[in-house]
Structures are given as C-alpha cells and as structure tokens.
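Protein chains: 2
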Amino acid sequence: MSDLRQQILVTAKILLIKHGYHGLSMRQIAEAVGVSKAALYYHFKDKEELLLAILVAYLDEIEAVIDQVRAEGGDSRQQVLLLIENVLSQPAEKRALIRLSSQEMAQLSVPARATFDRAYHEKFIDKIRGLLRAGMDQGELRSMDPDVATWTLLGMMYPYFYPAHTADVPPPADVAEQLASIYLDGMASR
Amino acid sequence: MSDLRQQILVTAKILLIKHGYHGLSMRQIAEAVGVSKAALYYHFKDKEELLLAILVAYLDEIEAVIDQVRAEGGDSRQQVLLLIENVLSQPAEKRALIRLSSQEMAQLSVPARATFDRAYHEKFIDKIRGLLRAGMDQGELRSMDPDVATWTLLGMMYPYFYPAHTADVPPPADVAEQLASIYLDGMASR
DNA sequence: CCTACCGATCGGTAGG
DNA sequence: CCTACCGATCGGTAGG
C-alpha cells in the first residue's frame, strides 16, 4: 500500500464526511491531496472504488472495537454498556463514518452494494447481534427478535453520528450511561 | 399554489428520496414532470429552495401526526406507543423523508439551514420533547435529560427510515410493539 | 404591463 | 503518476 494511496484515503475520507458521495468530486480530492486527478485513477478504478475502500477500511475498525468489547469479558449487559461507551467516545469523524456507511450505500452500484453489504453485516451487524443473542441465551437479556434488538441498540446511538449533535466532540460520558440504562432496563429479562 | 408547482413538488419528492440532493438534477426533475427546466425556475428560485419546500411541507405532516397523537389523549406512555405505531405505519416513502430531513440538512447553505432547523425543531423535535417532558412531570416516565429521551426515541425508529429495512412496506405492527416495550420499560419511573 | 411558461444556450464541472 | 483533453451533463438564465 503506497503512501499516496494512504494519503488519498485519509483526505478523501474527510471530504466525504463533509460533502457526501455526490457532493464530492474527484477533482476536489486531487487538489486537496495536491496531485492530479489522474493520480487518483491510478490508485482507484473509479470514484465508487475509492468510496468503497474508505468504508470497508472503517468497517475493519468497527469490527476491532466490537471484538475488543467481547474479549474484555463480563456478561452481555456489561458488554452492551462497554460497546455504547466505546462507540460514543469515538471522535466525531469516526462516528460520522458509521452514518455514512448506511447513508451512501444507496448510491452504490448493485455489485458494489452487494460487496459492501456483506462486509457491513459480517463485521458489524452480525457481531452485535451475536453479542445480544448470547445475552438472551444466558437469560441476561429478555428473549426477543435479535434483529429488532440489534437495530434498536444501533438506532439509539444514531443521533450521535450526526454532526448537529456532536459539535465535533464526543458526547459526555453520562449520555452513554443514560442510553445503556434505557436499553438495558428495556431489555431486562422478565 | 398552482397545480404545476404541486406537481413539481410531488415528483421531486419521489426523486429526492431515490437519489438524494446532489444525485438529483433539475433536468431530471423537469423531464419527470414533463416541463422545461425553466418552468422549475419560475416556481422555485433555485434547487435549494425546491429542496427546502419539500422538506418543510413534510414537517407539516409530521407535526399533524404528533398533534393528533397528543389530542387522542391517554397518558404519556400510551402516547409514546401511539406515536411509534403511527410513525412506523407510514408508507416507506414518508419514513424515508424523515431520514432525508436530517441527512440533507448538511447540504444546505447557512441561511437555508437556519430556516429549516427552526422548522425542524418547532414542528418535530420540540413536540416530541414536550410529550416526554409532560410524562416526566406526571411521574409516568423516569426523570432524565429530555433531549436524550427524545433522541433515543427517534433513534430507535431510525433504522426503519432506511429502504434496506423497509422493502417498501411498513414494518409489521409487532415491531412497533417491541420498540415501545423496550423504550417504555427503559423509561419507566423508578 | 402581467402570469406562466418555452426552446436554446450560458459558463463551469462531472467522471474518465 | 502528469498534461491535456473528451462527451455529457451540471445549475441557472437569456430573449420572446
């Protein structure tokens, strides 16, 4: 992986967060990096491949966060708290990327969307669902549709993936506590 | 309000949901309506004003839904259930617009964003927060930061504002029940 | 003079 | 990786 490729990814990621896929031009990226537009096309087949590289690289980071939470042990309820804390304490830029993943998916071509969707579920959704399902099996969480449980947890964090809420800093730690408290009480086994 | 203006709004709304702001051209809208591009510019100063008109018109619909829920009475916990049921049973197109509102806000110019932001809070966020705060004052909901309570409720519904989840039909009624159950148990007074 | 458009084209920029 | 371009399309506006 060349230095320039890395530099392109870093710069393009920042611009993508600010402008979205269609609002961002290859010309713009090239100028920000300080290279010609052709240089971008040397490293990435087209605009879509560049977007995909940014998003998939980020999915790897998310996966690492989730794996770390699961490895740190504790029961599933502690893991949910830890997950919320870890996700919300990410820098605003990283949280924005989670939102962009689902948001810009619709802009992808059919094959690219299929590729991304697979990684999105494998590295992100399925991992969280696995954590929650384990908690249900252990009787630590109430038994319900694991998909609804997963998307509810993600959804609760979603507002903090928008710039409007973040003001470019992570939300205070007590927001994570409040979210965890609502979710865990709502998901308590009965 | 002329017929053509209405027709433009209806058509542009559908295209906006599919393509997003930057992915949608005035040309495309004009062709879909069956008029010239100049006709669009007769009714709307520019592309941004058209987007704004679509979103603000939809905020009025949301406001009506919330007002209706509050008018139907019942305690705040019943109103939360009713709100979730009503929002999730909206057609996929309407739910997609809620997501677009927050999503495309970032693409607006500074003055346009200020205008929209005011309407967004007045007709949507503040109404829900008012409902929840009333519930807290009555002791029907646990006392906590009303903003966190509001965004948690909205966030839980967010996944169902994405096409990936909706498959163009409303989620089954028991999803609304499950969401309400998690939220209301998590928000139960203690 | 008006409202409600039209066909054609402007200067720039898109992805490649 | 660059310079020099392309076919097409972008948002917006001219005169009538």
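So the protein lines, in turn, are chains P and C.
Under the numbering used here, the residue at position 47 of the first sequence is numbered 47, and the numbers go up by one with no gaps.
Quick note, the numbering used here runs 1000 ahead of the 1-based positions in the second sequence.
Backbone N, C-alpha and C fix where the C-beta goes; we use that ideal spot for every residue, glycine too.
Please read these numbers as outputs of a predicted model, since none were measured by experiment.
Check: Does the beta carbon of proline 163(P) come closer than 8 Å to any beta carbon on chain C?
Finding: yes
Note to self: On the DSSP bridge list, what partners appear for leucine 141(P)?
What the structure shows: Ala188(P)
Item checked: Alpha carbon of alanine 1173(C) to alpha carbon of serine 1181(C), nearest angstrom -> 12 Å
Note to self: Does chain P have any CB closer than 8 Å to the CB of alanine 1173(C)?
What the structure shows: no
Item checked: Cβ neighbours of isoleucine 1017(C) in the same chain (closer than 8 Å, five flanking residues each side left out) -> Glu1093, Ala1096, Leu1097 and Leu1100
Checklist line | Beta-carbon neighbours of threonine 152(P), restricted to chain C and to distances below 7 Å | finding: Met1156, Leu1179 and Ile1182
Check: Below 8 Å between beta carbons: does that hold for leucine 1141(C) and leucine 1153(C)?
Finding: no
Check: Looking at the structure shown, is valine 87(P) part of a helix, part of a strand, or coil, going by DSSP?
Finding: helix
Margin query: Assuming methionine 1156(C) and tyrosine 1120(C) are in contact, meaning their beta carbons sit under 8 Å apart, how far apart are those beta carbons, in whole angstroms?
Written below: That pair is no contact at about 19 Å.
Item checked: Interfacial residues, the stretch 1097-1117 of chain C to chain P, with Cβ spacing under 9 Å -> Arg1099, Ser1102, Gln1103, Glu1104, Met1105, Ala1106, Gln1107 and Asp1117
Checklist line | Environment of serine 109(P) [buried if 16+ CB atoms lie within 10 Å] | finding: exposed
Next item on the list: Taking all protein chains shown into account, decide if lysine 45(P) is buried (16 or more other Cβ within 10 angstroms of its Cβ) or exposed.
Entry: exposed
Next item on the list: Sort Gly1023(C), Arg1190(C), Lys1013(C) and Glu1085(C) by Cα distance to glutamine 1068(C) and report the nearest one.
Entry: Glu1085(C)
Notebook entry, point to check: Using the C-alpha atoms, what's the distance from arginine 70(P) back to serine 76(P)?
Noted result: 8 Å
Next item on the list: Could you spell out where the alpha helix (DSSP H) holding tyrosine 58(P) opens and where it closes?
Entry: 47-71
Margin query: Check whether chain P comes within 8 Å of alanine 1188(C), counting only Cβ atoms and requiring the distance to be less than that.
Written below: yes
Checklist line | Of the residues Gln1103(C), Lys1127(C), Tyr1160(C) and Arg1118(C), the one placed nearest aspartate 1147(C), counting alpha carbons only | finding: Lys1127(C)
Notebook entry, point to check: Mind checking whether leucine 1015(C) and glutamine 1028(C) have CB atoms under 8 Å apart?
Noted result: yes
Notebook entry, point to check: Is any beta-carbon of chain P found at less than 8 Å from that of glycine 1023(C)?
Noted result: yes
Notebook entry, point to check: For lysine 1013(C), which residues of its own chain have a beta-carbon under 6 Å away from its beta-carbon, when the five flanking residues on both sides are left out?
Noted result: Ile1054
Next item on the list: In the DSSP assignment, find the unbroken alpha helix (DSSP H) run with phenylalanine 116(P) in it and report its ends.
Entry: 110-120
Notebook entry, point to check: Which residues bound the alpha helix (DSSP H) around alanine 1030(C)?
Noted result: 1026-1033
Notebook entry, point to check: What are the boundary residues of the alpha helix (DSSP H) that tyrosine 162(P) is part of?
Noted result: Tyrosine 162(P) -> no alpha helix (DSSP H), and no H or E assigned at all.
Note to self: In whole angstroms, give me the CA-to-CA distance for proline 170(P) and tyrosine 158(P).
What the structure shows: 13 Å
Checklist line | Residues near glutamine 1103(C) by beta carbon distance below 8 Å, same chain, minus five either side | finding: Gly1020
Checklist line | Contacts of valine 1169(C) in chain P (Cβ-Cβ under 7 Å) | finding: By Cβ distance, chain P contributes nothing, its closest Cβ being about 16 Å from valine 1169(C), past 7 Å.
Note to self: Measuring alpha carbon to alpha carbon, tell me which residue in His1043(C), Glu1177(C), Glu1049(C) and Ala1164(C) is nearest glutamine 1007(C).
What the structure shows: His1043(C)
Margin query: Checking 8 Å against the spacing of the C-beta atoms, do leucine 40(P) and alanine 32(P) come in under that value?
Written below: no
Next item on the list: Measure the Cβ-Cβ separation of leucine 88(P) and tyrosine 160(P) and say whether it is below 8 Å.
Entry: yes
Checklist line | Nearest to alanine 1176(C) (by Cα), restricted to the options Ala176(P), Ala164(P), Trp151(P) and Ala188(P) | finding: Trp151(P)
Notebook entry, point to check: My guess is that alanine 1112(C) and leucine 1059(C) are in contact by the Cβ rule of under 8 Å, so how many angstroms apart are they, rounded?
Noted result: Going by Cβ atoms, the distance from alanine 1112(C) to leucine 1059(C) rounds to 14 Å, so no, they are not a contact pair.
Check: Along chain P, which residues have their Cβ under 8 Å away from the Cβ of valine 1148(C)?
Finding: Val175, Gln178 and Leu179
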